[in-house]
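All you need for this note's numbering is the position in the sequence shown, starting with 1, plus 230.
These notes concern the structure reproduced below.
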Amino acid sequence: MVTTEETSLLPTNNDGDMTGDNASSSVGSGGDATYHDTVLNLMKACMGTGTLALPYAAQKGGAVLNFFGLIGIASWNIYSVRRLCQALHLYQKHFRHEFRIINCSTFSKVAWFAFGTTGIHGLDVILVIVFLGIIIAYIDASISFLEGTPLSTGSLQLDAMLISISIGVLSLVPDMSHLAKASACGLVVLAFAFVVIALYGDPINPIAIITSSTISWWPQDGLAGVSHWFGCIVFGFGVVPLTYNYYESMREPNQLTRATSFALYGVAMLYFLIGIGLLLIYPGIEMEGDVLEELLPNSGIAPTLVRVAMILVVMFTSPLLVFPCGLILEGKIRLFLGDDACSPQTLQIVVRMSICVICTAIGMSIPHFVFVLSFVGCCAIALISFIVPPLLHISLIIQYEDIRSRWIELFLDMVMLLWGFFAMVISSTYTFQKLQTN
């Protein structure tokens, strides 16, 4: 999940005040993206750094869960995207113009319409948690990748400090578009990484596959294995928070659910092939980390190039997350202290560098990219992907629609809300225990 300065994911005004003289009830629409453009954009969003954990997830989940579970998680994300679109339609249908809303993101408008100022502040808190979790995972990844290269200083603390400072400085650049373009090269780097990893593997031998314990049919360690699989897969699929960005970019927004279905089922098949495929060409390997850590040697030109390239991709991507996280926190600080407390430039530097330092400190205390990624997927991404959409839809139906004619939708939303809550709590508990052990 990548956010740039041009995204409308975040409210431009974070003080929760939903009134203003230049307000309007309209949401952005009428973009130029076609159905096929949106399918490709959705698929590219899912093929990020999280794919490095797919073999780990496949081994923890087992072959059966990894196949049917991927289809299930894809369907769950599609359901959430549909519910967010339906919540937007209810907002457009029942909005009364005397409310006069200021210019803010569509997500914020829907949250406000469902729960008032509590909704917009609650959404901000959830987004901050999501951004911080992903930043910590990315910093952990950078530290892990750097360890296996000649560029490492040999000191974990010094490596982490240099990475933190670099990301902090990049998050202060006035134009994020150049970083976004550099970050987009990540797909090429990932493809190169997987090719190099495949070349270092053994040729697929049917006898070795049959006798190998690399892949089991069922999850390792019961619910613990399922939880680690769940976290990694949910992290990879995390497109639900960007639903309204895709909706507003499309020439025909009513095609978004269909485009999401096609894209995510395609991604599910790719995830299955990558996870199982790499395990097949490394028979007998016990995965306890990402593919660069577990499958690539620490020496050689190609492995070093892969690690350095991945470090650059992560470092160019992280500021795109620090920026919106800082934007929310800066708005809250200005609301609390007043606009005259300090200059906007000083506040930006303090907040964004603090985000990098805090995330680096947390990352150093849990120096394991895959474990952090799995926990963030179970906790933060599951919260915004599987709990927020049905909750918004339930609130809007109860407030503005005839409940008797929509009871089936309400019942399904209640079931999915409870299922999402229990899945989040149980999986977060198991993955957090793994972090503590580590």
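Cβ atoms here follow ideal geometry from the backbone N, Cα and C, with glycine treated the same way.
Buried versus exposed, by CB contacts within 10 Å (16 or more), residue i
{"i": "residue 683", "result": "Past the edges of the chain, shown from 231 to 668, lies residue 683, and the structure says nothing about it."}
{"i": "residue 448", "result": "exposed"}
{"i": "residue 652", "result": "exposed"}
{"i": "residue 654", "result": "buried"}
{"i": "residue 389", "result": "buried"}
{"i": "residue 328", "result": "Caution applies to residue 328, whose pLDDT of 43 falls short of 50 and renders its modelled position unreliable; the value that the coordinates give is listed next. Exposed is the call here."}
{"i": "residue 262", "result": "exposed"}
{"i": "residue 550", "result": "buried"}
{"i": "residue 289", "result": "buried"}
{"i": "residue 285", "result": "buried"}
{"i": "residue 451", "result": "exposed"}
{"i": "residue 342", "result": "buried"}
{"i": "residue 661", "result": "buried"}
{"i": "residue 347", "result": "exposed"}
{"i": "residue 304", "result": "buried"}
{"i": "residue 354", "result": "buried"}
{"i": "residue 384", "result": "exposed"}
{"i": "residue 484", "result": "exposed"}
{"i": "residue 595", "result": "exposed"}
{"i": "residue 531", "result": "exposed"}
{"i": "residue 471", "result": "buried"}
{"i": "residue 269", "result": "buried"}
Bounding residues of the alpha helix (DSSP H) (the contiguous stretch that carries residue i)
{"i": "residue 315", "result": "284 to 324"}
{"i": "residue 478", "result": "473 to 479"}
{"i": "residue 484", "result": "Per DSSP, residue 484 belongs to no alpha helix (DSSP H) and is neither H nor E."}
{"i": "residue 600", "result": "599 to 606"}
{"i": "residue 455", "result": "453 to 466"}
{"i": "residue 391", "result": "386 to 400"}
{"i": "residue 230", "result": "Nothing about residue 230 can be read from this structure; the chain reaches only from 231 to 668."}
{"i": "residue 377", "result": "347 to 377"}
{"i": "residue 620", "result": "618 to 630"}
{"i": "residue 270", "result": "265 to 276"}
{"i": "residue 206", "result": "Only positions 231 to 668 of the chain appear in this structure, which leaves residue 206 out of reach."}
{"i": "residue 423", "result": "416 to 430"}
Backbone CA spacing between residue i and residue j [nearest angstrom]
{"i": "residue 352", "j": "residue 344", "result": "12 angstroms"}
{"i": "residue 479", "j": "residue 641", "result": "31 angstroms"}
{"i": "residue 418", "j": "residue 628", "result": "47 angstroms"}
{"i": "residue 423", "j": "residue 365", "result": "22 angstroms"}
{"i": "residue 577", "j": "residue 563", "result": "9 angstroms"}
{"i": "residue 588", "j": "residue 605", "result": "18 angstroms"}
{"i": "residue 411", "j": "residue 325", "result": "37 angstroms"}
{"i": "residue 585", "j": "residue 338", "result": "23 angstroms"}
{"i": "residue 534", "j": "residue 517", "result": "20 angstroms"}
{"i": "residue 358", "j": "residue 647", "result": "21 angstroms"}
{"i": "residue 559", "j": "residue 529", "result": "42 angstroms"}
{"i": "residue 572", "j": "residue 336", "result": "30 angstroms"}
{"i": "residue 520", "j": "residue 504", "result": "13 angstroms"}
{"i": "residue 405", "j": "residue 553", "result": "11 angstroms"}
{"i": "residue 487", "j": "residue 282", "result": "27 angstroms"}
{"i": "residue 319", "j": "residue 658", "result": "33 angstroms"}
{"i": "residue 607", "j": "residue 494", "result": "17 angstroms"}
{"i": "residue 568", "j": "residue 574", "result": "11 angstroms"}
{"i": "residue 408", "j": "residue 614", "result": "28 angstroms"}
{"i": "residue 544", "j": "residue 321", "result": "37 angstroms"}
{"i": "residue 598", "j": "residue 392", "result": "18 angstroms"}
{"i": "residue 205", "j": "residue 634", "result": "The shown model of the chain, from 231 to 668, leaves out residue 205, and the question about it has no answer."}
{"i": "residue 481", "j": "residue 492", "result": "17 angstroms"}
{"i": "residue 477", "j": "residue 276", "result": "17 angstroms"}
{"i": "residue 395", "j": "residue 427", "result": "30 angstroms"}
{"i": "residue 665", "j": "residue 600", "result": "10 angstroms"}
{"i": "residue 590", "j": "residue 602", "result": "12 angstroms"}
{"i": "residue 508", "j": "residue 522", "result": "12 angstroms"}
{"i": "residue 255", "j": "residue 620", "result": "Caution applies to residue 255, whose pLDDT of 46 falls short of 50 and renders its modelled position unreliable; the value that the coordinates give is listed next. The straight-line gap from Cα to Cα measures roughly 23 angstroms."}
{"i": "residue 513", "j": "residue 309", "result": "37 angstroms"}
{"i": "residue 453", "j": "residue 525", "result": "26 angstroms"}
{"i": "residue 287", "j": "residue 361", "result": "22 angstroms"}
Own chain partners of residue i with C-beta closer than 8 angstroms, once the 5 adjacent residues on each side are dropped
{"i": "residue 295", "result": "448, 449, 456, 459"}
Contact set for residue i: own chain, Cβ-Cβ below 6 angstroms, skip 5 residues either direction
{"i": "residue 592", "result": "366"}
{"i": "residue 581", "result": "556, 559, 560"}
{"i": "residue 446", "result": "292"}
{"i": "residue 473", "result": "311, 314"}
Cβ shell of residue i (< 7 angstroms), same chain only, five flanking positions each side left out
{"i": "residue 623", "result": "313, 316, 317, 643"}
{"i": "residue 349", "result": "341, 342"}
{"i": "residue 378", "result": "528, 537"}
{"i": "residue 639", "result": "627"}
{"i": "residue 489", "result": "265, 268, 269, 272"}
- Uninterrupted alpha helix (DSSP H) stretches inside the segment 513 to 585 (no shorter than 4 residues): List check, alpha helix (DSSP H) in window: 521 to 525, 531 to 547, 549 to 567.
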